[in-house]
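Counting from 1 along the sequence shown, just add 30 to a position and that's the residue number in my numbering.
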Amino acid sequence: MGTPTGFTYRLDERGTVTITHHGRPAGTLRGSAAARFLAAADRGDDQQLLMARATGNYKHGNERESRGHARNRGR
Numbered sequence: 031m032g033t034p035t036g037f038t039y040r041l042d043e044r045g046t047v048t049i050t051h052h053g054r055p056a057g058t059l060r061g062s063a064a065a066r067f068l069a070a071a072d073r074g075d076d077q078q079l080l081m082a083r084a085t086g087n088y089k090h091g092n093e094r095e096s097r098g099h100a101r102n103r104g105r
């Protein structure tokens, strides 16, 4: 629980990295952002976590606060 899964990426001939999540497009990285992502992936960093962060599908820091919100009480 809490570990991102379902991400894949594809590198095209122009150097663009396309990230998908469960087969649906989730983000595109070009230029220096793509180069940084590929360098981190080659270093052996957790690729699922890298892709989650690159697409913005990552914890936002407010999960603990939102648990106590009125609409979420009792869940």
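Note that the Cβ used here is the ideal one computed from N, Cα and C, for glycine as well.
Alpha carbon of residue i to alpha carbon of residue j, nearest angstrom
| i | j | result |
| --- | --- | --- |
| PHE37 | ALA100 | 32 Å |
| ARG44 | GLN78 | 23 Å |
| ARG66 | ARG83 | 13 Å |
| GLY86 | GLY98 | 23 Å |
Coarse secondary structure for residue i, derived from DSSP in three states
| i | result |
| --- | --- |
| ALA76 | Note that residue 76 is Asp in the sequence shown, not Ala. It is coil, neither helix nor strand. |
| ASN87 | coil |
Proximal residues to residue i (C-beta, below 8 Å), its chain only, five neighbours per side dropped
| i | result |
| --- | --- |
| THR58 | THR46, VAL47, THR48, ILE49 |
| ASP42 | THR48 |
| ALA56 | PHE37, ILE49, THR50, MET81, THR85, ASN87 |
Cβ separation of residue i and residue j, assumed to be a contact under 8 Å, to the nearest whole Å
| i | j | result |
| --- | --- | --- |
| LEU80 | ALA69 | At roughly 10 Å, the Cβ-Cβ gap does not stay under 8 Å, so LEU80 and ALA69 are not in contact. |
Sequence-distant residues of its chain with Cβ nearer than 7 Å to residue i (five each side left out)
| i | result |
| --- | --- |
| TYR39 | VAL47, THR48, ILE49, MET81 |
Fully enclosed by the region 36 to 65, which beta strand (DSSP E) runs are 3 residues long or longer? Segments of the beta strand (DSSP E) lying fully in the region 36 to 65: 37 to 41, 47 to 51, 54 to 59.
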